[in-house]
Amino acid sequence: MATSERKPIIAGNWKMHCTHLEAIQMVQKVSYLLEDQDYDRNDVVVCPPFTALRSVQTVLDADRIPMALGAQDVFWESKGAFTGEISPEMLEKLNVTYVIVGHSERRQHLGETDDFVNRKAKAVLKHEMAPIVCVGETLEQREAGETHGFVGGQIRAAFSGIKRAEAERCVVAYEPIWAIGTGRHATPEDANSVIEMIRRELGSLYGDVAGQMCIQYGGSVKPGNIAELMAMPEIDGALVGGASLDPDDFARIIRYR
Ligand code: PGA
650 MATSERKPII AGNWKMHCTH LEAIQMVQKV SYLLEDQDYD RNDVVVCPPF TALRSVQTVL
710 DADRIPMALG AQDVFWESKG AFTGEISPEM LEKLNVTYVI VGHSERRQHL GETDDFVNRK
770 AKAVLKHEMA PIVCVGETLE QREAGETHGF VGGQIRAAFS GIKRAEAERC VVAYEPIWAI
830 GTGRHATPED ANSVIEMIRR ELGSLYGDVA GQMCIQYGGS VKPGNIAELM AMPEIDGALV
890 GGASLDPDDF ARIIRYR
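Residue numbering for the sequence shown follows this note's numbering, starting at 650 and increasing by one per position.
Listed below in structure tokens is the structure:
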């Protein structure tokens with residue numbers, strides 16, 4: 650469980666699911682199932698697709714639901730001829746607080762490189778939002794004993810040129826690729842050990858600040874495994890995909906104790 654300085658963040662990544670109408674229902678159902686104390690213990694974030702951000706933001710405001718709004722991606726330029734892209738300023742104006750950068754699905758299917766991830770993280774920070782920087786190894790890399798070297802390299806690349814005061818606001822999500830959407834989650838001990846290494850890596854860049862940074866685990870988080878994951882000292886929350894699409898499951902994950 651996170652230390653008292655680090656409030657856990659439970660974030661739902663809806664990926665390419667939910668029209669704006671479905672997204673409204675989803676957020677209302679989850680909030681109906683939650684109580685004030687659930688928000689006191691965790692920060693709760695929902696990351697709908699771009700097309701639903703405005704609708705979800707309106708519902709969060711109108712119903713005074715204390716969930717933060719997150720986006721699943723962003724482009725690093727402020728404006729210009731970049732057909733199909735969404736700028737940090739557009740997200741900031743929608744009261745977006747968190748932006749996922751470097752999700753493995755984007756790295757895998759859309760050619761997102763470490764350099765893109767770094768530019769995106771910096772652009773998010775410049776606009777007073779917090780990046781959720783995703784890192785994680787493939788099964789082959791894990792089996793070849795390359796996890797620490799690879800994930801450590803992803804961290805150094807993603808944080809290149811990011812200053813100490815900015816790093817404090819960043820969130821990291823350790824998401825082993827082989828655990829995403831497969832029903833096969835990392836053991837709490839394995840996840841904890843990689844996250845410990847990530848914190849050491851951040852410590853070599855930022856000193857004490859690393860101790861305050863929130864590092865989540867992601868990959869087949871479910872109501873049945875969240876408590877054992879959160880019981881680990883280095884795991885400060887979860888980035889939840891599939892299970893965040895079921896209001897009941899997502900509420901149970903948020904309430905994990
Ligand atoms: P999953 O996805 O919970 O469905 O495994 C996690 C993620 O991709 O963030």
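Positions of the beta carbon are idealized from the N, C-alpha and C atoms, including for glycine.
Look at the alpha carbon of Ser736 and the alpha carbon of Asp895, and state the distance between them as a whole number of angstroms. Within the sequence shown, residue 736 is the residue found at index 87, counting from 1. Within the sequence shown, residue 895 is the residue found at index 246, counting from 1. When rounded, the distance between both Cα atoms is 29 Å.
Could you please give the first and the last residue of the uninterrupted alpha helix (DSSP H) stretch that includes Asn767? Counting from 1 along the sequence shown, the entry for residue 767 is found at position 118. Where Asn767 is concerned, the enclosing alpha helix (DSSP H) stretches over 763-775.
In or out: Gln686 buried (at least 16 other Cβ within 10 Å) or exposed? Residue mapping note: residue 686 aligns to position 37 of the sequence shown, counting from 1. Burial call: exposed.
Under the three-state DSSP convention, the category Pro735 falls into: Your numbering for residue 735 matches position 86 in the sequence shown. The amino acid at residue 735 is misidentified as Pro; the sequence shows Ile. Reduced to three states, the DSSP call for Ile735 is coil.
Could you check what DSSP says for Asp857 in three-state terms: helix, strand or coil? Numbered from its first residue, the sequence shown carries residue 857 at position 208. Assignment of Asp857 by DSSP, reduced to helix, strand and coil, places it in the helix class.
Regarding Gly868 and ligand 1, is the C-beta to nearest heavy atom distance less than 6 Å? Locating residue 868 in the sequence shown gives position 219, counting from the first residue. Yes.
Under a Cβ-count criterion, where at least 16 other Cβ atoms within 10 Å of its own Cβ denotes burial, should Ser602 be classed as buried or exposed? The chain is shown from 650 up to 906; residue 602 falls before or after that span and cannot be answered.
Using the C-alpha atoms, what's the distance from Ala711 back to Val695? On the sequence shown, residue 695 is found 46 positions in, with the first residue counted as 1. On the sequence shown, residue 711 is found 62 positions in, with the first residue counted as 1. Each residue's alpha carbon lies about 16 Å from the other.
Determine the burial state of Tyr681: buried for a count of at least 16 other Cβ atoms within 10 Å of its Cβ, exposed for fewer. Locating residue 681 in the sequence shown gives position 32, counting from the first residue. Exposed is the call here.
Locate the beta strand (DSSP E) running through Gln865, then write down its first and last residues. As a position in the sequence shown, residue 865 is number 216, starting the count at 1. Gln865 -> beta strand (DSSP E) spans 863-867.
For the region 843-859 and the region 710-725, state whether three or more C-beta atom pairs, one from each stretch, are separated by less than 8 Å. Contact fails: fewer than three Cβ-Cβ distances are below 8 Å.
Beta strand (DSSP E) segment containing Gly801, residue limits: Taking the sequence shown and counting its residues from 1, one reaches residue 801 at position 152. Per DSSP, Gly801 lies in no beta strand (DSSP E); the unbroken alpha helix (DSSP H) holding it starts and ends at 796-807.
Going by the C-beta, is Val889 closer than 6 Å to any heavy atom of ligand 1? Here residue 889 refers to the residue found at position 240 of the sequence shown. Yes - ligand 1 has a heavy atom lying nearer than 6 Å to the Cβ of Val889.
State the start and end residues of the unbroken alpha helix (DSSP H) segment that holds Val679. Within the sequence shown, residue 679 is the residue found at index 30, counting from 1. Residues 669-682.
Cα-Cα separation between Gln757 and Tyr823, rounded to whole angstroms: Position 108 of the sequence shown, counted from the first residue, corresponds to residue 757. Position 174 of the sequence shown, counted from the first residue, corresponds to residue 823. Those two C-alpha atoms are separated by around 16 Å.
CB-CB length for Gly886 against Asn691, believed under 8 Å: Residue mapping note: residue 886 aligns to position 237 of the sequence shown, counting from 1. Residue mapping note: residue 691 aligns to position 42 of the sequence shown, counting from 1. Contact holds; Cβ gap of about 7 Å.
Looking at Gly830 and ligand 2, is the gap between the Cβ and the nearest heavy atom below 6 Å? Ligand 2 is absent from the structure shown, which contains only ligand 1.
Through-space distance from Met739 to Phe799, alpha-carbon basis: Within the sequence shown, numbered from 1, the residue matching residue 799 stands at position 150. Within the sequence shown, numbered from 1, the residue matching residue 739 stands at position 90. The straight-line gap from Cα to Cα measures roughly 33 Å.
Using beta-carbon positions only, say whether Val821 and Met778 come within less than 7 Å of one another. Here the question's residue 821 lines up with position 172 in the sequence shown. Here the question's residue 778 lines up with position 129 in the sequence shown. No, the pair does not count as a contact, with Cβ atoms beyond the cut-off.
Identity of the residue in Gly719, Val723, Leu774, His834 nearest Glu817 by Cα: Within the sequence shown, numbered from 1, the residue matching residue 817 stands at position 168. It is Leu774.
With a threshold of 6 Å (Cβ to nearest heavy atom), would Asn874 be considered close to ligand 1? Residue numbering aside, residue 874 sits at position 225 when the sequence shown is read from its first letter. Asn874: no, Cβ never under 6 Å from ligand 1.
Taking DSSP as the reference, what is the three-state secondary structure of Leu718? In the sequence shown, counting from the first residue as 1, residue 718 sits at position 69. Three-state DSSP puts Leu718 in a strand.
Under 6 Å from any heavy atom of ligand 1, does the C-beta of Asn662 make it? Stepping through the sequence shown from its first residue, residue 662 is reached at position 13. Checking every heavy atom of ligand 1 against the Cβ of Asn662, one is found closer than 6 Å.
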